[in-house]
Amino acid sequence: SCRFLVFSDLGRTLQSVLNDGLHLLKEKAAFQIVVRLLDCLEYIHENEYVHGDITAENIYLNPADLAQVTLAGYCFAFRYCPGGKHVAQREGSRTPHEGTIEFISLDSHKGAGPSRRSDLESLGYCLLKWLCGFLPWSDELDKVETVMEKKEKYKGDVPCLLRLCFRQKCIPDALQSYLQQVTALEYEEKPDYEALRQLFKKPLEKMKASAYDSVDIKMVP
Numbered sequence: 001s002c003r004f005l006v007f008s009d010l011g012r013t014l015q016s017v018l019n020d021g022l023h024l025l026k027e028k029a030a031f032q033i034v035v036r037l038l039d040c041l042e043y044i045h046e047n048e049y050v051h052g053d054i055t056a057e058n059i060y061l062n063p064a065d066l067a068q069v070t071l072a073g074y075c076f077a078f079r080y081c082p083g084g085k086h087v088a089q090r091e092g093s094r095t096p097h098e099g100t101i102e103f104i105s106l107d108s109h110k111g112a113g114p115s116r117r118s119d120l121e122s123l124g125y126c127l128l129k130w131l132c133g134f135l136p137w138s139d140e141l142d143k144v145e146t147v148m149e150k151k152e153k154y155k156g157d158v159p160c161l162l163r164l165c166f167r168q169k170c171i172p173d174a175l176q177s178y179l180q181q182v183t184a185l186e187y188e189e190k191p192d193y194e195a196l197r198q199l200f201k202k203p204l205e206k207m208k209a210s211a212y213d214s215v216d217i218k219m220v221p
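For what it's worth, UniProt numbering labels the leading residue of the sequence shown as 1, then goes sequentially.
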């Protein structure tokens, strides 16, 4: 007998759109996508799982309906709260460095089961890459210990990380606040998802846009 899983057409990965030559996202589009992903992550987390591998390769946009943003790619999903009891933080309890090295959290680097803060940390790295085009460790992805050390360094100095990535460009207040709040979370702490969403919704309102409008991005099918 045969078994099949049939999925609807999710569209194109965000990474494929960036590879078309776009490379960077406009602030408006990036903030719209982040709010949608915070919705996704809150839902997943409320159901006892974390995603474990937030990356543009796992985010889909539908060219026929740019109001649709889908988070896929659950190969590294982890049940962080089985039966409502949060797992303990135990470094080395899992294979270290699992997931997409450029974006995984420090918890994943250290072999601890990813928790809610881990997904949010990874989302922060993604947002920074989408806006700036690189991360301080982007050229050293074959040296996983170096990548981990740099993430550890900049976790303690978010302003330095942002200055390095944005250089002479204006640093979005929303991004700085997001990274500072997320990197301050304890392993078992429940994030305030709505407060994090509001960081991005407010500047979108000033742009006379909504997070739930069609994403402001040009793409072909």
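Ideal Cβ placement from N, Cα and C applies to all residues, glycine included.
query = Do you know how far the Cα of P191 is from the Cα of F200?
reply = Taking the first residue of the sequence shown as position 1, residue 200 is located at position 200. Taking the first residue of the sequence shown as position 1, residue 191 is located at position 191. For F200 and P191, the distance between alpha carbons rounds to 16 angstroms.
ask   = Assuming L131 contacts Y60 under a Cβ cut-off of 8 angstroms, what Cβ separation, rounded to an integer in Å, is found between them?
value = What you label residue 131 is simply residue 131 of the sequence shown in a count that begins at 1. What you label residue 60 is simply residue 60 of the sequence shown in a count that begins at 1. The pair is not a contact, with the Cβ atoms about 20 angstroms apart (cut-off 8 angstroms).
ask   = Where does Q168 fall in DSSP's three states?
value = Your numbering for residue 168 matches position 168 in the sequence shown. If DSSP states are grouped into helix, strand and coil, Q168 belongs with coil.
request  = Would you grab the beta carbon distance between V7 and Y49 for me? Rounded to a whole angstrom, and I think it's under 8 angstroms.
outcome  = Taking the first residue of the sequence shown as 1, we reach residue 7 at position 7. Taking the first residue of the sequence shown as 1, we reach residue 49 at position 49. In the sequence as displayed, the identity of residue 7 is Phe instead of Val. Rounded, the Cβ-Cβ distance is 19 angstroms, inconsistent with contact.
ask   = Is Q68 helix, strand or coil by DSSP?
value = Along the sequence shown, read from residue 1 onward, the residue named residue 68 stands at position 68. Correct three-state label for Q68: strand.
ask   = In its own chain, which residues sit with a C-beta less than 8 angstroms from the C-beta of A112, not counting the 5 before and 5 after it?
value = Numbered from 1 along the sequence shown, position 112 holds the residue referred to as residue 112. Excluding residues within five positions, the ones whose Cβ falls inside 8 angstroms are Q89, R90, E91, G92, S93, R94 and Y187.
query = What did DSSP end up calling I54 once you bin it into helix, strand or coil?
reply = Position 54 of the sequence shown, counted from the start, is the residue given in the question as residue 54. I54 falls in the coil class under three-state DSSP.
inquiry  = Three or more C-beta pairs under 8 angstroms: does that hold for the stretch 163 to 175 against the stretch 51 to 70?
reply    = no
inquiry  = Just verifying my parser: in three-state terms, what is the DSSP assignment at N19?
reply    = Residue mapping note: residue 19 aligns to position 19 of the sequence shown, counting from 1. Looking at N19 - three-state DSSP - the assignment turns out to be helix.
query = What's the C-alpha gap between P159 and Q198?
reply = Taking the sequence shown and counting its residues from 1, the one referred to as residue 159 is at position 159. Taking the sequence shown and counting its residues from 1, the one referred to as residue 198 is at position 198. Those two C-alpha atoms are separated by around 21 angstroms.
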